[in-house]
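**Student:** At the far end of the first sequence sits residue 283, using the numbering used here, and the numbering has no gaps. Heads up, the beta-carbon is just placed ideally off N, CA and C, and yes, glycines get one too. It should be emphasised that the depicted structure is a prediction, and the values quoted were computed from it without experimental measurement. Below: one structure in structure tokens.
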Amino acid sequence: MPELPEVEIIKRSLVDKLKTRQIINTKIDLPRLIKWPNLTKFQSMVVGRSIIDMTRHGKYLLITLDNGNLIVFHLRMTGRLRYINSGVSDDPYTRIVFQLDNGAILVYADTRTLGTVYALLPGETWRISGLSTMGPEPLSAEFTIAYLTNLLAKSRGKIKSFLLNQKYIGGLGNIYADECLALAKIYPERIGVSLTTEDITSLYGAINQVIADGIRDGGTTFRDYRDGNGEKGHHQDHLLVYGRKGKPCYTCNTLIQKIEVGGRGTHFCPQCQK
DNA sequence: CAATAGCCCTGGTGGC
DNA sequence: TGCCACCAGGGCTATT
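Structure representation (structure tokens):
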């Protein structure tokens, strides 16, 4: 499932190829993925425009067009964006194709079709609440120990759920949230306000470290994730707990457990994480 | 504010 | 081998 590191790698692998390209046509096989506006308006806002830039905000990907309009993607669970020189997609789950002026295509493919796509006028990002209410991202200047401390002082829910809430921190998903808590040695069901100064310092460092490592390794490929060139990531080879239920902890050899927290599968070491 | 359930959706998997 | 219930889970909504 693409989280911040995966979406960042997709952006990096696509941005230079897309810049200055003109979108000459679209082929939309699954119109319900377009959440705003309707199919006809979406096409009219996109076709004929040139791409100025591609950026990422949390797990959202944004393409800026030459008139200031935005194409916004959220890949959810199984969304993929890929640039294909030949102009022909071999992905059986291709849902949207953007035909470019050099004969290449930008393909949006999505197995489970939970992804979302929008076209926005300049200044319309408020239409996507998840985008406009998103908290600071790991590794950003706004994400500080003081910020985290202030929020946790008011947080009466479980720390795992806190980390997944995009209003607090933008970009963490289920895999990296579990990894953050493992690295910080914090039990996922701890209540936010119960975290000590030491815990918070450790967690803050772990969040930045885990996200940086994920990016360094080109993202985590469990099944579906690929970058913009169709390449897998490597961070699945460096996970401490996610997907390791029943396997020994690298620190203490205790078997990793999996529980449900806030409706999400949650992996942790019962010995190391307190 | 927090927890929970339901919804969207398809493919892989485990059990029998 | 075939069938089927179940699970994966991000983000949103409704309810308690």
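If you measure between the beta carbons of leucine 70 and phenylalanine 51, is that distance less than 8 Å?
**Tutor:** No; because the gap between Cβ atoms is not below 8 Å, this pair is not in contact.
**Student:** Give the DSSP-derived three-state secondary structure of alanine 162 in the structure shown.
**Tutor:** Three-state result, alanine 162: coil.
**Student:** At 3 residues or longer, and completely inside the stretch 63-128: list those beta strand (DSSP E) runs for me, N to C.
**Tutor:** Within the stretch 63-128, the complete beta strand (DSSP E) runs of at least 3 residues are 69-74, 79-83, 88-93, 103-109, 114-119.
**Student:** Tell me which same chain residues have a C-beta within less than 7 Å of the C-beta of serine 1, skipping the five on either side of it?
**Tutor:** With the chain running from 10 to 283 in the structure shown, residue 1 is simply not present.
**Student:** Just tell me which of Glu269, Gly272, Lys254 has its CA closest to the CA of cysteine 1.
**Tutor:** Here the chain comprises residues numbered 10 to 283, so residue 1 is not present and cannot be evaluated.
**Student:** Could you pull out every residue in the same chain whose Cβ sits closer than 6 Å to the Cβ of valine 24, ignoring the five residues on either side in sequence?
**Tutor:** The residues are Met63.
**Student:** Would you say isoleucine 19 and leucine 90 are within 8 Å of each other, going by their C-beta atoms?
**Tutor:** Yes.
**Student:** According to DSSP, what are the bridge partners of asparagine 34?
**Tutor:** Asparagine 34 is bridged to Gln108.
**Student:** By DSSP's criteria, threonine 316 is part of a beta bridge. Which residues make up the other side?
**Tutor:** Here the chain covers residues 10 to 283 and nothing more, so residue 316 does not appear.
**Student:** Which value, in whole angstroms, describes the spacing of the CA atoms of aspartate 75 and leucine 129?
**Tutor:** When rounded, the distance between both Cα atoms is 13 Å.
**Student:** Between which two residues does the alpha helix (DSSP H) containing isoleucine 216 stretch?
**Tutor:** From DSSP, the alpha helix (DSSP H) with isoleucine 216 extends over 206-225.
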